[in-house]
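Notes follow once the structure below has been shown.
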Amino acid sequence: MVDNIVFGIGITALAGALATVAGAAEDVESDIGSQGDPNSQVQLAPQMGFIHRIFNKAVAGEPPAYGLWCALGAGIAWAFLVMQFNPILAIILGCALATFVQGVYATTAYLGRTASLAKFGQPVYIDILKSMTSVTMAHAFVAIFTTVSLCYLMNASLGHPFPLPLLGLVWGIALGAAGSATGNPFYGKERQYQNQKFGAGVPISASGNIVRYAEAGQRNSLDNGWFSSKLGGPASGICFGLIVFLELWRTVIFEKVSGGWGAIVVGIILILVFTVVDRYIEVWARKNYGPYTTEETTA
Numbered sequence: 388m389v390d391n392i393v394f395g396i397g398i399t400a401l402a403g404a405l406a407t408v409a410g411a412a413e414d415v416e417s418d419i420g421s422q423g424d425p426n427s428q429v430q431l432a433p434q435m436g437f438i439h440r441i442f443n444k445a446v447a448g449e450p451p452a453y454g455l456w457c458a459l460g461a462g463i464a465w466a467f468l469v470m471q472f473n474p475i476l477a478i479i480l481g482c483a484l485a486t487f488v489q490g491v492y493a494t495t496a497y498l499g500r501t502a503s504l505a506k507f508g509q510p511v512y513i514d515i516l517k518s519m520t521s522v523t524m525a526h527a528f529v530a531i532f533t534t535v536s537l538c539y540l541m542n543a544s545l546g547h548p549f550p551l552p553l554l555g556l557v558w559g560i561a562l563g564a565a566g567s568a569t570g571n572p573f574y575g576k577e578r579q580y581q582n583q584k585f586g587a588g589v590p591i592s593a594s595g596n597i598v599r600y601a602e603a604g605q606r607n608s609l610d611n612g613w614f615s616s617k618l619g620g621p622a623s624g625i626c627f628g629l630i631v632f633l634e635l636w637r638t639v640i641f642e643k644v645s646g647g648w649g650a651i652v653v654g655i656i657l658i659l660v661f662t663v664v665d666r667y668i669e670v671w672a673r674k675n676y677g678p679y680t681t682e683e684t685t686a
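Per the working numbering, residue 388 is the first one in the sequence shown, and the count goes up by one each step.
What follows is the structure, given as structure tokens:
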């Protein structure tokens, strides 16, 4: 019994580490591709007269997109496993094919979205298409591979009843949701609107007026990826890593208590604890910083 719990905790820790890497890679990939909520401002910019060199590939939100890619990678890996392939090789091949689909998706989305903005003078930058597609595919492979790997660990080592493709779908959606909710604010507000006063929000008059120039020359999506890899990526990684770790931890430790109800009760307690902590931090921040106000100057 103790040996099983220790083994389960080890797998839980490994899965949490994989999830942390997946969350970081997912957020950087989505920010380089300008996918998710902040993409609306990138799409709006040319319509407001602001031509840019940002890679614009969003067609679906991050949760359904990563649900598709991770389910596809897990499904192909599962097919290779049925054919008696080595598990590591099967996962690599499945994730590589899923990443190829992601690359096709990114290419057609960028060309299609930019073509729809032709009447506003937004050109298709071939160098952006070639350089950004390869970079976004590299980050997508890391995110898909780590997610499918943790799904395989859950299935093969912890005996999860869901088949590998279904686990890929569920955790792919969770991965996209974690990156969208945690990492997007860094890119959407902190990066796109650095020309606005901190805490001021985005006024209607500034819609589409994103920052288009970097430290040297015009800004492109590689600059956004460099920024996100320092802030939004790690935050998203910690978020998704904690989700996976705490989910598996409570299952491994408390699944045998009261016929599984122990794990459910612990899950509810964790939700309540995080709710109280989040509320405390929000109230503390509002009391210390307050609402945004115009700075008063004295003569």
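Where is the CB? At the ideal position from N, CA and C, for every residue including glycine. Predicted, not measured: the structure shown is a model, and the values here were computed from it.
Taken atom to atom, the span from the alpha-carbon of glycine 555 to that of threonine 533 is near 11 Å. For glutamine 581, the CB contacts under 8 Å within the same chain, skipping 5 residues up- and downstream, are Val598 in chain order. For the pair of segments examined, the stretch 392–402 was found not to touch the stretch 547–562: the number of CB pairs separated by less than 8 Å stays below three. Contact between threonine 523 and alanine 493 holds, with the beta-carbon distance rounding to 6 Å and staying under 8 Å.
Arginine 666 sits in a helix when the DSSP states are folded into three classes. For phenylalanine 641, the enclosing alpha helix (DSSP H) starts and ends at 619–641. For glycine 403, same chain residues with a beta-carbon under 6 Å away, outside a window of 5 residues either side, are Gly628, Val631, Phe632 in chain order. Here threonine 495 is exposed. Its C-beta has fewer than 16 other C-beta atoms within 10 Å. DSSP, read as helix, strand or coil, puts glutamine 605 in strand. Secondary structure note for methionine 541: its alpha helix (DSSP H) is the uninterrupted segment 513–543.
Residue Cys482 holds the alpha-carbon nearest to the alpha-carbon of glycine 454 among Leu618, Cys482, Arg440. Every alpha helix (DSSP H) stretch that sits fully inside the stretch 423–476 and reaches 4 residues is listed by chain position as 426–431, 449–469.
Taking the CA atoms as reference points, alanine 461 sits about 15 Å from leucine 405. Separation of phenylalanine 549 and leucine 476 (C-alpha to C-alpha, rounded to the nearest whole angstrom) is 21 Å.
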